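Structure, as structure tokens:
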Amino acid sequence: MDKTYNPHAIEQQWYQHWEANSYFTPSGTGKPYSIVIPPPNVTGSLHMGHAFQDTIMDTLIRLKRMQQHDTLWQVGTDHAGIATQMLVERKVQAEEGLTRHDLGREKFLDKVWEWKEESGGNITRQLRRLGASVDWDRERFTMDDGFYEAVQEAFIRLYEDGLIYRGKRLVNWDPKLHTAISDLEVVSEDEAGHLWHMRYPLADGATTANGDNFIVVATTRPETMLGDAAVAVHPEDERYQHLVGKFVELPLVGRRIPVIADDYVDQEFGTGCVKITPAHDFNDYAMGQRHALAMINVLDQDAAILATPEVYNTDGMPVTEHNEAIPAAYQGLDRYQARDAIVADLQQAGQLEKIEDHTLKAPRGDRSGLVIEPLLTDQWFVSTKPLAEPAIAAVEDGRIEFVPKQWQNTYFSWMRDIQDWCISRQLWWGHRIPAWYDDAGQFYVGRSEAEVRAKHQLGDINLRQDDDVLDTWFSSGLWTFGTMGWPDMTEALKRYHPTDVLVTGFDIIFFWVARMIMMTMHLMKHEDGSAQVPFKTIYVTGLIRDENGDKMSKSKGNVLDPLDLIDGISLDDLLAKRTGNMMQPQLAKKIDKQTRKHFPEGMAAYGTDALRFTLCSLASTGRDIKFDLGRIEGNRNFCNKIWNAASYVLMNCEDQDCGQHGGEVELTLADKWIVSRLQRTQQKVLSALDSYRFDHAAEALYSFIWNEYCAWYLELSKPVLWDENASAAQLRGTRRTLVQVLESALRLAHPLMPYITEEIWQKLKPLVGQTGDSIMLQAYPEFAADKVDEQAESDLNWVRDVIEGVRNIRGEMGISPAKPIPLLFSKGKPSDQNKLQANSQFLIKLAKLESVTWLEAGEEAPLSATALVGEMEVLVPMAGLIDKDAELARLQKELAKLTGEIKRFNGKLGNAKFVDNAPAEVVDKERAKLAEAEAAAATLQQQVAKIEAI
RNA sequence: AGGACUAUAGCUCAGUUGGUUAGAGCGCUACCUUGACAUGGUAGAGGUCGGCAGUUCGAAUCUGCCUAGUCCUACCA
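With the working numbering as the guide, the letters of the first sequence map in order to residues 3 to 952.
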């Protein structure tokens, strides 16, 4: 075994070994347990969120595998429509100066596939570095042939079930990407804007209550007036009631539009008069539907002004009404240029009453960052309400459970108010919609052109497939069963579906989780016809944030790359990574400065195990995680501790009799104690993992291994192993305990830290009589109640108390740890004497004692520094060692503490209400504590008196 | 506007059904190259558990209000 712990040296080889031996493949026996990985973008790279979630999934999978379940961890990647297409577009633009339109659909798609092949392996390589025990043999991609079939089938079935429809609707249009996007892909933030108050002249000589021949509307988007179809007021608004049914004449355009009444209008806001533009605003659209207003679209796909409006009735059918040409001055102008022009013209005409500052929520496309434009287009939609109902029920009745529970409220509130889902995208990279159009615009849905022709007896008329592709989330909604071979009812589906747990972030509960539930429950049925859920538990993780609690993002330059934490990175490389190739180069200086401040020497190589253990230890529920380098450093040290402990064990046990071949065995108190403590640790770790408390599991492992096994047990083993008079049975007992407990602890820790546990286990296995090839296939330790030894635990606490009492005196009195000191025991009970006799070797070694002396009752003790163990006094003679004042000060400090306690206990017990009402058990406990504190105080008081007397 | 979450040691976080002297890691102080480990050891210091009120014999824990912060959803023409 190498002298120092070097994660790099051990990690890669074991992963290769596991993978080469197909240890990640489901065993096919035992109870099935399955997890699907949330598919990362195929061209993406692993970030801390992935590392976190994948660590948790791997921990669960390794645990279940060791518990002899038939585990499947399904792996794969997502084609990530918009993100990938944009990336390749940028790349082609940068490298060849071409747009995708220059290339054409087919050639451009070739480029995307090329890029996918080139960079697609990146994320899977990174997954391997993390130790993720996914089944690579079943790796899938959302656009591989089989998955394509699943997507097409899902579309067709939903269509045939009446849950997919096509229609002209107002959708969120991205004027840069030239595609519709779903509500979820629009992010709204407060932005500074204006509220323009515009005069709309009343037609036919009508006047307002105060005699004006115009009304004033307030708007944040003056340019949309070109598409106004009405002005709305509140039905109870006394200012305008009499105008309802009359008309106004639209300035600059001249269109006569009605004044209508609708209680959507807020009388308090603006002027109480709202211009209604059904083709360019979602609320206006709804109002247009209610009042049968024409939808007058005045914008093209670039959000520039059309020459002639496109007008539709409420059914989306084109009509000729209101299709007079738009004034030439505005034709072809971009929406913002048009705004300026219209405002200027209104001003000139004296029809602009005022301009107010106004903050508004600007809806922006989450990919392009541009303000999206509500635009009337033909799109495909999923009717979500019928799908949502069973999906809600499944969570209500517990077939699907959120961990932590609170997330179900988020889910419910969204699902109960769900809107239809626009699934068509005007992109090229994605699943082509399986619909064909004839020249008349009639469409036919089917698996292929041939199928469509045959089914609808179309002969050889012209047919053209829909150009659009499906929203990426449509295909990822099928992920749990699409990866297992659906629409065929494969053996894998029968065995591993529904999956057991989904591990994901709250940010995609709507995007993905909810839709997965809806799609799966509609498409996947049990044999009895009831709906299958995609997974039984949803473990929702928090977000990993930087050391300041800020979200990690490339533009902020605060991203931590998990691979850098594993391998380490120099400051220069880190700076280059964070400030190179930036979208906003002006931020580089600031990022440079911050990075130098936080990582003056770059980052050390902490190794995968330290990273994984840290992520687990931070995984408490219901909160985000500020990633603190201190934690991973501490856990790297923990790995080092394990390494060195193993080194000690091997040094003392290799080529020795460790009882693996039988033979008489005698166990010391320390042996019995550590075995007992191991049981309790196993119990804690198991119950923590069962309840998804990875932090508790990590804590239990850490404190057992470091604070009990290393700090105490290894030290307690030394007096036995180094005792020349120790019997073979004693040596065998201690060696056996050393190796067995370490071996169990390694298995216990393996799901969290796969590499170091494997490396050490390989060295240890012959010493415990194991022959398995890998720790990952060994049985997970189980709690054995019969190995819990209360007596050993309490006896060992006595030993620790004595040792710690002496160490305290040493520490506080400044006695060199190198100096052996004599120790006297006074006022002890017979049980104390027994313990002393049985364990003096431990005391002498660990407290560095010169001698131990038992004083019988009445025997005079020399003047000493005192520590108390129960009622027994542990005495370090002062002669030549201890200064009188220092000991007095030490005693006074102890006494002060005791006095405080006594006062509190007395207060409590003096309160009749407490004594009368509290359970007798609690009262007795308080009494006992009081008695103990009083006795201790009395003893120390006597000591003080004695010392003061000299 | 509605909702969720968070507030505990200098920092990052635990604290299960109300009953311990409120814990851990990092950091800090002093001492120590003792035959696994200085990525270490020993001994310490450090908290009126965000504030106020209430329930209770008893509150970090339950209830209400308030303050501060984070986030989500809807939406203001």
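Idealized CB from N, CA, C, for every residue including glycine.
Keep in mind the model is a prediction, meaning the values are calculated, not measured.
Please tell me whether residue i and residue j are closer than 8 angstroms, where the distance is taken between their beta carbons.
i: tyrosine 715; j: alanine 672; result: yes
i: isoleucine 39; j: valine 77; result: yes
i: proline 822; j: glutamate 852; result: yes
i: glycine 318; j: glycine 83; result: no
i: glutamine 428; j: threonine 181; result: yes
i: leucine 389; j: histidine 524; result: yes
i: lysine 591; j: glutamate 403; result: no
i: proline 28; j: alanine 607; result: no
i: aspartate 56; j: leucine 129; result: yes
i: aspartate 594; j: leucine 577; result: yes
i: leucine 197; j: glutamate 358; result: yes
i: lysine 829; j: glutamate 896; result: no
Once DSSP output is grouped into helix, strand and coil, what is the label at residue i?
i: glutamate 784; result: coil
i: arginine 427; result: strand
i: asparagine 841; result: helix
i: tyrosine 314; result: strand
i: isoleucine 259; result: strand
i: tryptophan 675; result: helix
i: lysine 899; result: helix
i: glutamine 381; result: strand
i: isoleucine 777; result: helix
i: tyrosine 17; result: helix
i: alanine 134; result: coil
i: aspartate 80; result: strand
i: serine 833; result: helix
i: tyrosine 7; result: coil
i: aspartate 342; result: helix
i: leucine 366; result: Here the sequence assigns arginine to residue 366, which means leucine is not the residue at that position. Looking at arginine 366 - three-state DSSP - the assignment turns out to be strand.
i: serine 190; result: strand
i: arginine 892; result: helix
i: alanine 234; result: strand
By Cβ distance, which residues of its chain are closer than 7 angstroms to residue i, with the 5 residues on each side in sequence left out?
i: leucine 495; result: Phe483, Met486, Gly487, Trp488
i: glutamate 323; result: Ala296, Val313
i: aspartate 302; result: Leu308
i: leucine 688; result: Phe785
i: lysine 579; result: none
i: histidine 458; result: Tyr446
i: valine 219; result: Met200, Tyr202, Val233, Thr273, Cys275, Val276, Lys277
i: lysine 931; result: Phe907
For residue i, count the other beta carbons within 10 Å of its own beta carbon; 16 or more makes it buried, fewer makes it exposed. Which is it?
i: glycine 272; result: buried
i: arginine 737; result: buried
i: asparagine 836; result: exposed
i: glutamine 944; result: exposed
i: serine 478; result: buried
i: threonine 683; result: buried
i: isoleucine 12; result: buried
i: methionine 653; result: exposed
i: tyrosine 266; result: exposed
Less than 6 angstroms between C-beta atoms, sequence neighbours within five positions excluded: which residues of the same chain meet that for residue i?
i: lysine 34; result: Rather than lysine, the amino acid found at residue 34 in this sequence is proline. Closer than 6 angstroms at the Cβ level, and outside the excluded window around proline 34, lie Asp72, Arg497, Tyr498.
i: serine 679; result: According to the sequence shown, residue 679 is arginine rather than serine. So the list reads Glu710, once near-sequence residues are dropped.
i: threonine 506; result: Pro40
i: glutamate 666; result: Ala731
i: serine 572; result: Gly604
i: aspartate 569; result: Ala607
Spell out the partners DSSP gives residue i in its beta bridges.
i: glutamine 467; result: Trp438
i: threonine 506; result: Val542
i: asparagine 583; result: Paired residues: none, contrary to the question.
i: arginine 614; result: None; arginine 614 has no bridge partner.
i: histidine 202; result: According to the sequence shown, residue 202 is tyrosine rather than histidine. DSSP lists Ile217 as partners of tyrosine 202.
Would the C-beta of residue i count as close to the ligand GDP, meaning under 7 angstroms from any of its heavy atoms?
i: serine 678; result: The ligand GDP is not part of the structure shown, which contains no ligands of any sort.
Tell me which residues share the same chain as residue i and place their Cβ nearer than 8 angstroms to its Cβ, disregarding the 5 neighbours each side in the sequence.
i: alanine 393; result: Met417, Ala516, Ile519, Met520, Met523
i: glutamate 795; result: Trp675, Ser678, Arg679
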